[in-house]
Amino acid sequence: MPIHPWDAPRDDEEWRRWLAVHDFGQLAVNGPPGEPPHVQPLHFAYDAERGEAVTHLARPNPLRSAVEANPEAVLSVVDDYVHVPGPWQAEPGAPSEHGVPTSLYASVQLRCRAHVVDDPAEKAALLNRQTGHFQPEGGSARAAAGEAPYGRLLSGIRGLRLEVTGVRAKFKYAGKRSEAVRERITAGPADRNGARDAEARAHVLRRQPA
7 MPIHPWDAPR
17 DDEEWRRWLA
27 VHDFGQLAVN
37 GPPGEPPHVQ
47 PLHFAYDAER
57 GEAVTHLARP
67 NPLRSAVEAN
77 PEAVLSVVDD
87 YVHVPGPWQA
97 EPGAPSEHGV
107 PTSLYASVQL
117 RCRAHVVDDP
127 AEKAALLNRQ
137 TGHFQPEGGS
147 ARAAAGEAPY
157 GRLLSGIRGL
167 RLEVTGVRAK
177 FKYAGKRSEA
187 VRERITAGPA
197 DRNGARDAEA
207 RAHVLRRQPA
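Quick note: the working numbering has the sequence shown finishing at residue 216, numbered continuously throughout.
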């Protein structure tokens, strides 16, 4: 993923704040020689203080054995994406049909070293961390090894701690465009009001050049 200076995060807090509320991504792990990588969509909970994300897999998932063979992985998250029609990108004085269509999006890629968690008590603690992230209001019993209602289910999963070893983040929101084009790109989504238009527009406004 190439990252131009105008698309780079302003600081680490920018991508951390975004990742805290964008917690569904794809975990990519190398497959056996001659086979393509394994890619698993999943929910995860990112912990900035510990520098890791936690998630879990069903025991039969082939990604688990792939991680055990090679723990290097990438967790990729992409959201707040929209298509920008060509006319919105046309510079003043140029024919509108000469504008180049593009995409706006936010993306964070975490390079990780995956650690498989198989101890029942550790798996229960990991699941409780995930549940605490997604259900801060509670409502579900805590997982505990050997205890109902979830203890007997722990053998059917494998926990994953994804130790973050590198981060690539990108916020592609018209950072290099002229003021006239940026104004058009902020007006267009407001009128279109499609999926993710409001989120993308907010990023364009937030990341206006100083």
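Ideal placement from N, C-alpha and C gives every residue a C-beta, glycine not left out.
Taking Cβ positions, are residue i and residue j nearer each other than 8 angstroms?
i: L81; j: R70; result: no
i: E97; j: L168; result: no
i: V27; j: P195; result: no
i: A151; j: L160; result: yes
i: D13; j: E205; result: no
i: A51; j: D29; result: yes
i: R202; j: I191; result: no
i: L110; j: Y179; result: yes
i: V83; j: L133; result: no
i: Q136; j: M7; result: no
i: P42; j: Q32; result: no
Pick from the options: whose alpha carbon is nearest that of residue i?
i: I163; options: P11, P68 and P8; result: P68
i: E74; options: G37, P215, Q214 and A131; result: G37
i: H10; options: R174, R198, D203 and N199; result: R174
i: P126; options: D18, A180 and R158; result: R158
i: T61; options: G181, F140, T192 and L166; result: L166
i: W94; options: V210, A201, R213 and V187; result: V187
i: A72; options: V84, V106 and A120; result: A120
i: R213; options: Q32, T137, E189 and G105; result: E189
i: H44; options: G99, N76 and Q141; result: N76
i: C118; options: R198, R56, E20 and P215; result: R56
i: Q141; options: E20, G92, H49 and D18; result: H49
i: V210; options: D18, H139, P101 and G181; result: G181
i: P215; options: E185, P66 and S102; result: E185
Under a Cβ-count criterion, where at least 16 other Cβ atoms within 10 Å of its own Cβ denotes burial, should residue i be classed as buried or exposed?
i: G145; result: exposed
i: P15; result: buried
i: A34; result: buried
i: T171; result: exposed
i: S113; result: buried
i: R207; result: buried
i: F177; result: buried
i: A193; result: exposed
i: A79; result: buried
Whole-angstrom Cβ separation of residue i and residue j, contact assumed at under 8 angstroms?
i: V123; j: T108; result: The Cβ separation is near 41 angstroms, so there is no contact.
i: A130; j: A154; result: In fact, because the Cβ distance is near 12 angstroms, the residues do not count as touching under 8 angstroms.
Compare the C-beta of residue i against all C-beta atoms of chain C and say whether one is closer than 8 angstroms.
i: D29; result: Reference to chain C is not applicable here, since this structure consists of a single protein chain.
Quick one: complete beta strand (DSSP E) runs, 3+ long, within the segment 22-79? 30-35, 44-49, 51-53 and 58-64
At what residue ranges does the segment 149-201 contain a whole run of the alpha helix (DSSP H), taking only runs of 4 or more? 185-198
Segments of 3+ residues assigned as beta strand (DSSP E) that fall wholly inside the segment 94-133: 108-123
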